[in-house]
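The structure appears below as structure tokens.
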Ligand code: FES
Ligand SMILES: [Fe+2]
């Protein structure tokens, strides 16, 4: 089912402002294979990181700037075309039609989505979330932090943990729980879900409200928002000042999840220097990191042999998004079996 979820769904891979310069790239890993987003003269291209010559990897760092040039024999993708050194030494017929193995791409505002073989249009997959997500994308300007590691649990447990607000006072006592979040108000759009929480700690709320004058955005939700984009992506934010884009990509190894979180910066008010809120973003990234480490630590303790997507018993009202997730997976599993 994991490869079906990867191949037939759209995935939010990045924000356009993360790759502002020609040559910028970023690399993620899903099912133990790479997926790269690279700026080819300003056009974003998404591909499997494998050279069509003999399969060497183009990029070996998680992000940076450089040409899409294979380090083995110099094959280069540039301007939408493959350039092959010593071309006269190859049979013309064998090179005909060779290109990068690319994924399909589409945009929701400035968010780039990609998919190997999407079953639906991006519009259909996002449903009512398309417009709010596009609006959020317009309020983001650049990436502030990149955090990647391997969660030691199955990706489904990691996602369910991210959908679960019941654990916050227990697992995040001195981090996220400082906000004293209200019960969530949940909404659903197809397989996706959004939870909105009020911030109940008066001092924190006052501080956050007074920070509004530093930001340009107008679409912000004044609370804590957690958006789940089925199947592997979460987008969370406090007051819309920054957004944490998280991926929980399955691994081929049991009890492993390729986890990424990036802190995307909200756009600053005109006239402020670009680095004016670096300390603010640093501390947001630091708190997020603590929260993810706490989540990873508890997920590691879960016994996966007890897990079943068919089990929806013993789940509280705060865990209704998990019920929605499991029922969605049941339906996907049936579809995947049909198409196998
Ligand atoms: S494997 Fe890439 S150029 Fe040969
Ligand atoms: Fe958590």
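Residue numbers (full-length UniProt numbering): 1 to 340.
Backbone N, C-alpha and C fix where the C-beta goes; we use that ideal spot for every residue, glycine too.
Three-state secondary structure assigned by DSSP to residue i
i           : result
residue 332 : helix
residue 199 : strand
residue 326 : helix
residue 250 : strand
residue 269 : coil
residue 140 : strand
residue 150 : strand
residue 300 : helix
residue 133 : helix
residue 283 : helix
residue 337 : helix
residue 5   : helix
residue 122 : helix
residue 256 : coil
residue 314 : coil
Rounded Cβ spacing between residue i and residue j (contact assumed at less than 8 Å)
i           : j           : result
residue 163 : residue 325 : 6 Å
residue 287 : residue 160 : Going by Cβ atoms, the distance from residue 287 to residue 160 rounds to 22 Å, so no, they are not a contact pair.
residue 246 : residue 234 : 4 Å
residue 299 : residue 153 : 4 Å
residue 305 : residue 142 : About 43 Å separates the two Cβ atoms, so there is no contact after all.
residue 191 : residue 328 : 5 Å
residue 232 : residue 107 : Rounded, the Cβ-Cβ distance is 19 Å, inconsistent with contact.
residue 115 : residue 11  : 6 Å
C-beta atoms of residue i and residue j nearer than 8 Å
i           : j           : result
residue 111 : residue 15  : yes
residue 49  : residue 250 : no
residue 31  : residue 6   : yes
residue 220 : residue 239 : yes
residue 344 : residue 336 : There is no way to answer for residue 344, as the model of the chain reaches only from 1 to 340.
residue 58  : residue 102 : no
residue 242 : residue 269 : no
residue 248 : residue 149 : no
residue 55  : residue 23  : no
residue 217 : residue 267 : yes
residue 291 : residue 193 : no
residue 73  : residue 40  : no
residue 165 : residue 195 : yes
residue 272 : residue 214 : yes
residue 146 : residue 62  : yes
residue 330 : residue 310 : yes
Proximity winner among the options, relative to residue i (alpha-carbon distances)
i           : options               : result
residue 188 : 151, 168, 24 and 229  : 229
residue 157 : 130, 307, 252 and 131 : 307
residue 44  : 33, 27, 70 and 60     : 27
residue 261 : 87, 155, 58 and 236   : 236
residue 84  : 181, 53 and 93        : 53
residue 205 : 179, 90 and 186       : 179
residue 129 : 310, 253, 208 and 186 : 186
residue 318 : 264, 169 and 133      : 169
residue 183 : 192, 167 and 174      : 167
residue 21  : 42, 35 and 274        : 42
residue 301 : 60, 256, 11 and 313   : 256
residue 171 : 70, 11, 295 and 155   : 295
residue 293 : 95, 104, 29 and 151   : 151
Report task. Please list the segments of the beta strand (DSSP E) lying wholly inside the UniProt domain "Rieske" (10-114), counting only runs of 3 or more residues, in order along the chain. Result -> 11-15, 24-30, 33-40, 43-47, 63-65, 76-78, 81-83 and 104-108
Query raised in the report: Whole beta strand (DSSP E) runs in the segment 157-201 with 3 or more residues, listed along the chain?
Result: Complete beta strand (DSSP E) runs here, min 3: 185-189 and 192-197.
Report task. For the segment 203-253, list the beta strand (DSSP E) runs that are entirely contained and at least 3 residues long, ordered along the chain. Result -> 224-229, 233-238 and 242-250
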